[in-house]
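In short: position in the sequence shown from 1, add 127, done, that's the numbering used here.
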Amino acid sequence: MKKLIFLFCLIAFSCSENKVTENSKSDTSIEQNTEDSNNKAPKPRTDIPTSKSQYSFETIGTSGNFGYQIFDASGKMTINQPTIPAIQGNKGFLTEKDAQTAAAFVIQKIDKGIFPPTFSLAELDSLGIKY
C-alpha cells in the first residue's frame with residue numbers, strides 16, 4: 128500500500144513539474160532576452176513591437192489625450208482605441224509614450240493569438256501606464 132501511495136505521489140509530482148516547464152517555455156522572449164543581455168547585448172526595448180509582427184501601430188490624439196490604431200500587414204485598420212482600455216469613461220492616455228507602450232502590448236497579444244486583446248488594470252499597472 129505504501130508503495131502504491133509513493134508511486135501515485137511520484138507520478139503526480141512529475142506531472143506538475145512538466146506543466147511548470149511547459150509554462151516557462153511559453154513565456155515571452157523578454158525573460159530570455161534579459162538573460163542574454165547580462166552577457167552581451169543591451170536590453171531590448173519592450174515598448175515597441177518586434178519586426179516579426181505583421182501588425183503596426185500609430186498613435187492618435189493630442190497632448191494628454193492620446194490613443195492608438197493597430198494596422199495589419201495590408202494597412203487595414205484592425206483596432207481603433209482612442210481611450211485607455213480597462214477604465215471607465217472616455218479618458219485618453221496622458222502621454223504618447225503610454226499609448227505606444229499599450230499599442231505594442233496589444234500587438235504582442237494579437238501575435239500570440241489573443242483576439243480581442245483586452246486589458247486589465249493590473250496589466251496597465253505592470254506596463255507603468257498612468258490613468
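A virtual CB, placed ideally from N, CA and C, is assigned to each residue, including glycine.
Residue environment, residue i, which counts as buried when at least 16 other CB atoms sit within 10 Å
| i | result |
| --- | --- |
| Leu131 | A caution first: Leu131 carries a pLDDT of 45, below 50, which makes its placement in the model unreliable, though a value can still be read off. It is exposed - the Cβ of Leu131 has fewer than 16 other Cβ atoms within 10 Å. |
| Phe193 | buried |
| Ala200 | exposed |
Spatial neighbours of residue i in its chain, beta-carbon cut-off 6 Å, leaving aside the 5 residues before and after
| i | result |
| --- | --- |
| Phe184 | Tyr195, Ile197, Ala230 |
| Lys257 | Leu221 |
DSSP-derived helix/strand/coil call for residue i
| i | result |
| --- | --- |
| Phe232 | helix |
Residue i versus residue j: straight-line alpha-carbon distance, rounded
| i | j | result |
| --- | --- | --- |
| Thr222 | Ala249 | 19 Å |
| Thr210 | Gly188 | 10 Å |
| Asp252 | Ala213 | 11 Å |
| Lys245 | Gly191 | Here the sequence assigns Thr to residue 245, which means Lys is not the residue at that position. Distance between the alpha carbons of Thr245 and Gly191 is about 22 Å. |
| Asp238 | Gly219 | 24 Å |
| Leu232 | Gly216 | Sequence check: residue 232 is Phe here, not Leu. C-alpha separation (whole angstroms): 21 Å. |
| Asn207 | Thr186 | 10 Å |
| Asp174 | Lys203 | Here the model assigns Asp174 a pLDDT of 45, short of 50, so the residue's position is not dependable and the matter cannot be decided. |
| Leu254 | Asp225 | 8 Å |
| Gln180 | Ser247 | Gln is not the amino acid found at residue 180; the sequence shown has Ser there. Each residue's Cα considered, the two are about 23 Å apart. |
Other residues of its chain near residue i: CB distance less than 8 Å, five sequence neighbours each side excluded
| i | result |
| --- | --- |
| Tyr182 | Pro176, Ile197, Phe198, Asp199, Ala200, Thr205, Ile234, Ile237, Asp238 |
Hey, which unbroken runs of the beta strand (DSSP E) at 3 residues or more fall wholly within the segment 176 to 211? 183 to 189, 192 to 198, 204 to 208
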